[in-house]
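Trainee: Structure provided below as structure tokens; questions to follow.
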Amino acid sequence: MRNRVLLWLALAGALLAGQALVPTLAQTVAQNAGPVTSLRGEIAVDETGPASATVGQAKPTAGFGRAYRQQPPLIPHRVDGYQVNKDFNKCLSCHAWPQNAQFNAPKVSETHYATRDGEPTDEVSRARWFCTQCHVPQADAEPLVPNAFKNAREVGGAFK
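Per my numbering, residue 222 is the first one in the sequence shown, and the count goes up by one each step.
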């Protein structure tokens with residue numbers, strides 16, 4: 222019986238000693254790891270970097286080209302401050318039918334006026350409600366990283 226008690230006390234002591242070492246080991250690893258290097262530069266993860274410079278909005282004369290056949294159209298204007306939440310979508314003020322003719326804006330695709338099951342509706346489906354999940358504005362800025370992407374036409378293929 223006494224041996225069991227001693228064994229349990231030894232195990233408890235080992236556990237307590239191990240727990241005391243964990244914070245020390247974590248500190249040592251963190252000190253030796255150095256700063257995280259990323260596109261933001263050598264800035265600690267919990268710090269904020271300097272604000273990026275404001276860039277101009279890219280404004281094509283005839284809309285943006287598409288890199289692949291089913292690519293959602295790109296947004297050719299600023300959308301800063303547009304309210305899009307579960308109750309209101311500012312984009313639809315101009316792009317929903319029939320207002321789009323009044324504002325000379327492209328109409329929302331018919332595919333957006335259908336439920337997930339393909340049933341037609343009179344309003345934009347809630348599944349397609351948050352425009353910027355697929356459609357993105359384009360900035361007139363230099364790329365942050367090199368990009369050698371070529372679409373199907375550029376590599377001699379065809380859109381299928």
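Don't be surprised by glycine CBs; every beta carbon is placed ideally from N, CA and C.
1) Is Val345 buried or exposed, if buried means 16 or more other CB atoms sit within 10 Å of its CB?
2) Would you check if there are 3 or more beta carbon pairs closer than 8 Å linking the segment 285-300 to the segment 363-379?
3) Whether or not the segment 297-307 and the segment 353-364 are in contact is what I'm after, with contact meaning three or more pairs of Cβ atoms, one per stretch, closer than 8 Å; do they touch?
4) Quick one, which of Gln359, Leu227, Pro367 and Val366 has its alpha-carbon nearest Leu295's?
5) So, helix, strand or coil for Glu263, using DSSP?
6) Check this for me: beta carbons of Asn321 and Lys328, under 8 Å apart or not?
7) Give the range of the alpha helix (DSSP H) segment to which Leu313 is assigned.
8) Is it buried or exposed, His316, if we count other Cβ atoms within 10 angstroms and call 16 or more buried?
9) What does the alpha-carbon distance come out to for the pair His333 and Gly284?
10) Does DSSP put Ala335 in a helix, in a strand, or in coil?
Mentor: Here's the rundown:
1) Here residue 345 corresponds to residue number 124 of the sequence shown, with the count starting at 1. Buried: at least 16 other Cβ atoms inside 10 Å.
2) yes
3) yes
4) Here the question's residue 295 lines up with position 74 in the sequence shown. With distances taken between Cα atoms, Leu295 lies closest to Gln359.
5) What you label residue 263 is simply residue 42 of the sequence shown in a count that begins at 1. Strand at Glu263.
6) Reading the sequence shown from its first residue, position 100 is the one you call residue 321. Reading the sequence shown from its first residue, position 107 is the one you call residue 328. Contact: yes.
7) Locating residue 313 in the sequence shown gives position 92, where the first residue counts as 1. From DSSP, the alpha helix (DSSP H) with Leu313 extends over Leu313 to His316.
8) Residue numbering aside, residue 316 sits at position 95 when the sequence shown is read from its first letter. His316 is buried by the Cβ-count criterion.
9) Here residue 333 corresponds to residue number 112 of the sequence shown, with the count starting at 1. Here residue 284 corresponds to residue number 63 of the sequence shown, with the count starting at 1. When rounded, the distance between both Cα atoms is 20 Å.
10) Counting from 1 along the sequence shown, the entry for residue 335 is found at position 114. Here Ala335 sits in strand by DSSP.
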